[in-house]
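One structure below.
Number of protein chains: 2
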Amino acid sequence: MDSDTTPTSILPAHACWELLRGAAYGRLVLCIDGQPEIFPINAQVDHGTLVFRTSEGSKQREAEGALVAYEADGVLADGSRAWSVVIKGTASTIQRTAELMSTIHLPLHPWEPGRKDRFMRIVPASITGRSFEVTPVPSAQRIPAASDE
Amino acid sequence: MDSDTTPTSILPAHACWELLRGAAYGRLVLCIDGQPEIFPINAQVDHGTLVFRTSEGSKQREAEGALVAYEADGVLADGSRAWSVVIKGTASTIQRTAELMSTIHLPLHPWEPGRKDRFMRIVPASITGRSFEVTPVPSAQRIPAASDE
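Quick mapping for you: the protein sequence lines, in order, are chains Z and C. For what it's worth, the numbering used here labels the leading residue of the first sequence as 2, then goes sequentially. For what it's worth, the numbering used here labels the leading residue of the second sequence as 2, then goes sequentially.
Next up, the structure:
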């Protein structure tokens, strides 16, 4: 991080978790052959870990056992400050039936729809967060012409 | 990406650039010794590249010459669909005076304040984007107790 951003506040761990619990989605970050990859995902806090749904695709294969990061950010209610929380840890597929059944009840509606019947868990090695003043961000946007897949 | 997310639309490159131009901020992703690192940054489109400001700190040192990714996402005006655009490429510090002077006029107010007198440019090797249906995301949040740095 930059050392000279004095208006930045370091968030204590409990504040980081509280912000993550309120964040509907974030971004999963992986390194694949030295190339950073980033995917928006819907993740939920579960007893000091993060759980997310995915399909049995490349994201799951690459994340399995890997060092990953998860970032969520947003603007606080008064609009004057933004926050960003980063979890770093290891991701693995939830295999045990009992563990899987307990995660079924988490409100894990995928941000992106589709068949996502695998659950993965990120066990954090670290959680860090900051809040800082922001310049205003634009609101929702119009979409340019898009082609359907 | 997942192959079974049928409600996903692939965005053409011009739509990706238009969405990036309207995004006030995004996230810079790096791999440092195999560990993914992610930083919220304010970046601007500049003639088919991305320019951002940073201080002369670890972020700049690590990004110099590295494979990086930049992601921005958001919810479209009608609220029904989200978009995510990812640029992958190489980052380097803007050194030449003429190039630097032309970037001075970009509206690059840092998302996070502080002394950020270095400009870096990401030259894209690829730009990809998707839009997809979303479950509602929460609005701005209250901040939990934070300690000042």
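By construction, the Cβ of each residue, glycine as well, lies at the ideal position given by its N, Cα and C atoms.
Point to revise | Selection from C/Ile123, C/Val86, C/Arg119 and C/Phe120 that minimises the alpha carbon distance to C/Arg131 | key: Relative to C/Arg131, the option among C/Ile123, C/Val86, C/Arg119 and C/Phe120 whose CA is nearest is C/Val86.
Check your understanding: Who are Z/Leu20's beta bridge partners in DSSP?
Key -> DSSP output for Z/Leu20 lists no bridge partner at all.
Check your understanding: What are the boundary residues of the beta strand (DSSP E) that includes Z/Tyr71?
Key -> Start and end: Leu68 to Val76.
Exercise for review: Taking a Cβ distance cut-off of 8 Å, strictly less, list which residues of the region 14 to 45 of chain Z are near chain C, in chain order.
Suggested key: Flagged, chain order: His15, Ala16, Glu19, Leu20, Gly23, Ala24, Ala25, Tyr26, Arg28, Val30, Leu31, Cys32, Gly35, Gln36, Pro37, Glu38, Ile39, Phe40, Pro41 and Asn43.
Check your understanding: If you measure beta-carbon to beta-carbon, which residues of the region 70 to 90 of chain Z are closer than 9 Å to chain C?
Key -> Residues Ala70, Tyr71, Glu72, Asp74, Gly75, Val76, Leu77, Ala78, Asp79, Gly80, Arg82, Ala83, Trp84, Ser85, Val87 and Lys89.
Review point. Are C/Val30 and C/Ile39 closer than 8 Å when you measure CB to CB?
Key: The criterion of a C-beta distance shorter than 8 Å is satisfied by C/Val30 and C/Ile39.
Exercise for review: Look at the Cβ atom of Z/Ala70, then the Cβ atom of C/Pro37, and state whether they are nearer than 8 Å.
Suggested key: Yes. Within cutoff.
Review point. Would you call Z/Ser127 buried or exposed, if buried means 16 or more other Cβ atoms sit within 10 Å of its Cβ?
Key: Its Cβ having fewer than 16 others within 10 Å, Z/Ser127 is exposed.
Point to revise | CA-to-CA distance, C/Glu134 to C/Thr9, given in whole angstroms | key: Cα to Cα, C/Thr9 sits roughly 7 Å from C/Glu134.
Point to revise | CB-CB length for C/Arg28 against C/Glu72, believed under 8 Å | key: Indeed they touch by this definition, with Cβ atoms about 5 Å apart.
**Study point:** Beta-carbon proximity check, Z/Thr50 vs Z/Gly66, cutoff 8 Å
**Key:** With contacts defined by Cβ atoms closer than 8 Å, Z/Thr50 and Z/Gly66 do not form a contacting pair.
Check your understanding: Quick one: Cα of C/Leu20 to Cα of Z/Val124, how far?
Key -> Approximately 33 Å, taken between the alpha carbons.
**Study point:** Residue closest to Z/Gln1, alpha-carbon to alpha-carbon, out of Z/Cys17, Z/Ile95, Z/Ala78 and Z/Ala14
**Key:** Look at the range of chain Z in this structure, 2 to 150, and you will see that residue 1 of chain Z is not part of it.
Review point. Does DSSP put Z/Ala14 in a helix, a strand or coil?
Key: The answer is helix: DSSP assigns Z/Ala14 an H, G or I state.
**Study point:** DSSP bridge partner residues for Z/Arg122 (one or two, in chain order)
**Key:** Bridge partners of Z/Arg122: Z/Val52 and Z/Ser93.
Review point. How about Z/Leu21: is its Cβ closer than 7 Å to a heavy atom in the ligand SAH?
Key: Within the structure as shown, the ligand SAH is missing, as the structure has no ligands at all.
**Study point:** Reduced DSSP secondary structure (H/G/I, E/B, other) of Z/Ala64
**Key:** Collapsing the DSSP output to three states places Z/Ala64 in a helix.
Practice item. Can you have a look at C/Gly80 and say buried or exposed, based on whether 16 or more other CB atoms are within 10 angstroms of its CB? Key: With fewer than 16 Cβ atoms within 10 Å of its Cβ, C/Gly80 is classed as exposed.
Exercise for review: Confirm, please, whether the CB-CB distance from C/Cys17 to Z/Cys32 is below 8 Å.
Suggested key: No, Cβ-Cβ distance for Z/Cys32 and C/Cys17 is not below 8 Å.
Exercise for review: Indicate the three-state DSSP secondary structure (helix, strand or coil) for C/Thr129 in the structure shown.
Suggested key: Strand at C/Thr129.
Review point. Straight-line CA distance for Z/Ser93 to C/Ser93?
Key: One C-alpha to the other measures close to 34 Å.
Practice item. Within its chain, find whatever has a CB closer than 7 Å to the CB of Z/Ile11; leave out the 5 residues flanking it on each side and keep chain order. Key: Excluding five sequence positions before and after Z/Ile11, the CB atoms of its chain that fall closer than 7 Å to its own CB belong to Arg131, given in chain order.
Practice item. Could you tell me the boundaries of the beta strand (DSSP E) in which Z/Pro44 lies? Key: Per the sequence shown, the amino acid found at residue 44 of chain Z is Ala instead of Pro. Here the beta strand (DSSP E) through Z/Ala44 covers Ala44 to Asp47.
Check your understanding: In the DSSP assignment, what are the bridge partners of Z/Pro41?
Key -> Answer by DSSP bridge pairing, in chain order: Z/Arg28.
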